[in-house]
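For reference, the structure discussed in these notes is given below.
There are 2 protein chains.
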Amino acid sequence: MKKLSEYTIQVTQAIKNMGLGERKPGSLYAPIEYAMNAGGKRLRPGLTLMSAEAFGGAPEQAMPAALGLEMFHNFTLLHDDVMDHSDTRRGRQTVHIKWDENTAILSGDTMLSLAEELMMRVPDDKLRRVLEIFNRMSIEVYEGQALDMEFETRDDVAVTEYIEMVRLKTGALLGACAEIGAVIGGASAESSACMREYGEMLGIAFQIEDDWLDTFGTAEIFGKPIGGDINNAKKTFLLSTGLAADNADAEALRAAIALPAGDLRVRTVTRIYDKMGLSQKCREAIAHYSSKALEAVKRSGLPETAVEPFKVMLDKLTGRKN
Amino acid sequence: MKKLSEYTIQVTQAIKNMGLGERKPGSLYAPIEYAMNAGGKRLRPGLTLMSAEAFGGAPEQAMPAALGLEMFHNFTLLHDDVMDHSDTRRGRQTVHIKWDENTAILSGDTMLSLAEELMMRVPDDKLRRVLEIFNRMSIEVYEGQALDMEFETRDDVAVTEYIEMVRLKTGALLGACAEIGAVIGGASAESSACMREYGEMLGIAFQIEDDWLDTFGTAEIFGKPIGGDINNAKKTFLLSTGLAADNADAEALRAAIALPAGDLRVRTVTRIYDKMGLSQKCREAIAHYSSKALEAVKRSGLPETAVEPFKVMLDKLTGRKN
């Protein structure tokens, strides 16, 4: 079995070959080419190809769908950056800064329709199934984003609500990548459903790992400054778990997260997280969803050698060294 | 044959029955329900149903696609209103005013994916064809919008460029409505291509009529104040035709359109349009594209009685009294 990195190299080359920069009008397509060639780990299309090949498909068969899923991912980043007023992504200006907001909105819309076109490049007997998965996933991602925005104005977000939001916002897309790859590779309905579950659980574990790194990581490993979530009072796994505890620590946490944004808030909240043992709770949750992901891929019926790269991907995304 | 208005009544009822207001999270779906129930003429879904029935289909068969096309139309309005900073539409607050910009962006994205789901509710043997038409149309609409934005910063827009922009921005959707209706109704590839041409030409004629009304209409008939295009120096049929004339009038027009926005600019530009005979040129262009539309629908092979409601729709949208 090939490793994820071998697939992602193919994806990066295929994106270059799409000829997005030659399409007219340039005011619409240049930002799309810019966004698609920004680098990034290509995890989602890589997972799509890996899943297709695991079930006996040729990676080329799944490449258009893989590109469609990467296009969808980048469309959501483009619109998210407008909504979050983010100036930079992957060390470069975001599209709405380099161009303007209207361009970011319109080019993003275009990317969604281009993604739909790419998803259609499957044989007739798989067309409806692939599009059903893709469209349902798209809507789940928006629902997750809407919940995330709703949570900003609430301070009583239950951990179960947080998990459901993350399943929608992060898990659904990874789930669709694994499932669509499996469908194209020729997997049965049962096996492809197991692969979706793998992707969803992987997504939840990955997001909790991200929450953990934002507080307990180092800027070097995390790739951006530590403490952003605390400074934005973001309802992460840590904060929602901490606030849900019905004790004095939870009250202290509620006061600390209301401090003015800055080092003092970050240090104080982190100290309370430590006192409450939340770093450990986070690691346990990551292990819990990781093992669910691994169980799901094993249930898919893949032979052990074919399971291995999915296990490696899981370990890699949840911080376990290999 | 039924008239367009009979179909649009069915559409309005079907939109009410979609249950958009009950879907969760409400922060995502309430704006969608609000936008979809804002009224409007329901021309596009009405055309879809009318085209399906003309070719022998039952209107119910085409209703999901008709709703998908109306959903797409309203998605573009929602994002256009954000891009244009428009505060009102159809006498009500726009979504980004009633809620906020982020809601308008995210709910708009959701509407596009909901539209894709609706377009899939056709039999397997029509699925690929319908989605190909729909996705190609979507991309044409964005390209038209991008050209329209590019034209804002140019003062040398040729009339042919203007027509191509309008074909993409307004014609493509009406063309797709007529074509998809025909496909669902059972039309041949040749006949459905003729219906697309009908819709595209109708769209161009309709937009030039809109340009004409904005300058030469009355606020009562037009439904909004006269002179908006002149005050925004919008590259309409009138302005691009006038500026393209290589004479003293064109120079006077170039100066007049640069006057401060206000009554003086509107009166001066209108007087030059009059002097250049542009009102008449506009009427001629409308008649030209209308007759192309009518020829196309006749070429589709429909019997004369079935052609009639398409002629009535054309006359109605281009200001001819019936």
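Protein sequences appear in the order of chains C and D.
Quick note: the first sequence uses numbering that gives the first Met the number 0, first residue 0, plus one each step.
Quick note: the second sequence uses numbering that gives the first Met the number 0, first residue 0, plus one each step.
Just so it is clear, CB atoms sit at the ideal spot from N, CA and C, and this is done for glycine as well.
Predicted, not measured: the structure shown is a model, and the values here were computed from it.
Could you check how far apart the C-beta atoms of residue i and residue j are, in whole angstroms? I think they sit under 8 Å.
i: ASN230 (chain D); j: ALA260 (chain D); result: 4 Å
i: TYR6 (chain D); j: MET49 (chain D); result: 5 Å
i: ALA329 (chain C); j: ARG264 (chain C); result: Residue coverage of chain C in this structure runs from 0 to 321, which leaves residue 329 (chain C) outside it and unanswerable.
i: LEU301 (chain C); j: ALA53 (chain C); result: 6 Å
Thinking C-beta only, is residue j closer than 9 Å to residue i?
i: GLU151 (chain C); j: LYS223 (chain C); result: no
i: SER112 (chain D); j: VAL94 (chain D); result: no
i: GLU208 (chain D); j: ALA171 (chain D); result: no
i: LEU242 (chain D); j: GLY318 (chain D); result: no
i: PRO44 (chain C); j: VAL121 (chain C); result: no
i: ALA186 (chain D); j: PHE133 (chain D); result: no
i: GLY198 (chain C); j: LEU46 (chain C); result: yes
i: SER137 (chain D); j: MET200 (chain D); result: no
i: MET0 (chain C); j: THR304 (chain C); result: yes
i: GLY143 (chain D); j: LEU167 (chain D); result: yes
i: ALA114 (chain D); j: PHE71 (chain D); result: yes
i: PHE236 (chain C); j: VAL165 (chain C); result: yes
i: ALA145 (chain D); j: LEU27 (chain C); result: yes
i: ASP108 (chain D); j: ASP123 (chain C); result: no
Within 10 angstroms of the Cβ of residue i, are there 16 or more other Cβ atoms? Answer buried if so, exposed if not.
i: ALA204 (chain D); result: buried
i: GLY23 (chain D); result: Residue identity check: residue 23 (chain D) is Lys in the sequence provided, not Gly. Answer is exposed; the Cβ neighbour count stays below 16.
i: SER299 (chain D); result: buried
i: GLN279 (chain D); result: exposed
i: ASP80 (chain D); result: buried
i: GLY202 (chain D); result: buried
Going straight from the alpha carbon of residue i to that of residue j, what length do you get?
i: ASN321 (chain D); j: ALA51 (chain D); result: The pLDDT assigned to ASN321 (chain D) is 39, lower than 50, so where the model puts this residue is not dependable; a value taken from the coordinates is nonetheless given after this. Rounded to the nearest angstrom, the two C-alpha atoms are 24 Å apart.
i: LEU247 (chain C); j: PRO58 (chain C); result: A quick correction: the sequence has Ala, not Leu, at residue 247 (chain C). About 55 Å.
i: GLU116 (chain D); j: ALA244 (chain C); result: 42 Å
i: THR159 (chain C); j: GLU32 (chain C); result: 38 Å
i: LYS15 (chain C); j: GLU178 (chain C); result: 25 Å
i: GLY55 (chain C); j: GLY184 (chain C); result: 5 Å
i: ARG91 (chain C); j: GLY39 (chain C); result: 12 Å
i: ASN73 (chain C); j: ALA103 (chain C); result: 11 Å
i: MET312 (chain D); j: LYS125 (chain C); result: 39 Å
i: GLU294 (chain C); j: ASP228 (chain C); result: 31 Å
i: THR240 (chain C); j: ASP99 (chain D); result: 30 Å
i: HIS287 (chain D); j: GLU163 (chain C); result: 57 Å
i: ARG153 (chain C); j: GLY25 (chain D); result: 15 Å
i: GLU219 (chain C); j: SER4 (chain C); result: 21 Å
i: TYR141 (chain C); j: MET118 (chain D); result: 19 Å
i: SER355 (chain C); j: LYS315 (chain C); result: This structure cannot speak to residue 355 (chain C), because chain C is shown only from 0 to 321.
i: LEU42 (chain D); j: ARG128 (chain D); result: 22 Å
i: GLU283 (chain D); j: ARG88 (chain C); result: 51 Å
i: LEU258 (chain D); j: ASP273 (chain D); result: 18 Å
i: THR169 (chain D); j: HIS78 (chain D); result: 15 Å
i: ALA232 (chain C); j: ALA192 (chain D); result: 55 Å
i: VAL306 (chain D); j: GLY180 (chain D); result: 14 Å
i: MET148 (chain C); j: ASP86 (chain C); result: 19 Å
i: LEU19 (chain C); j: LEU68 (chain C); result: 16 Å
i: PRO308 (chain D); j: MET82 (chain D); result: 35 Å
Take residue i as the anchor and find which of the options has the nearest alpha-carbon.
i: THR267 (chain D); options: D:GLY226, D:ARG298, D:PHE236, D:LEU3; result: D:GLY226
i: ASP155 (chain D); options: D:GLU283, D:LEU238, D:ALA175; result: D:LEU238
i: GLN9 (chain D); options: D:TYR28, D:GLY25, D:ALA29, D:ALA61; result: D:ALA61
i: LYS291 (chain D); options: D:GLU196, D:GLU307, D:ARG253; result: D:GLU196
i: TYR161 (chain C); options: C:ASP210, C:LEU263, C:THR269; result: C:ASP210
i: CYS281 (chain C); options: C:GLN206, C:ALA254, C:VAL182, C:ARG135; result: C:GLN206
i: HIS84 (chain C); options: D:ASN101, D:LEU3, D:ALA305; result: D:ASN101
i: PHE215 (chain C); options: C:THR75, C:ARG270, C:LEU301, C:LYS1; result: C:ARG270
i: LEU66 (chain D); options: D:TYR28, D:MET110, D:THR87; result: D:MET110
i: MET275 (chain D); options: D:ALA249, D:GLU131, D:ALA29; result: D:ALA249
i: LYS297 (chain C); options: C:LEU146, C:MET194, C:LEU19; result: C:MET194
i: ALA37 (chain D); options: D:MET17, D:GLY18, D:THR11; result: D:THR11
With a threshold of 8 Å (Cβ to nearest heavy atom), would residue i be considered close to the ligand COA?
i: GLU69 (chain D); result: With respect to the ligand COA, the structure shown offers nothing to examine, as it has no ligands at all.
List the residues of chain B that residue i touches, going by C-beta distances under 9 Å, in chain order.
i: TYR141 (chain D); result: Among the protein chains of the structure shown, namely C and D, there is no chain B.
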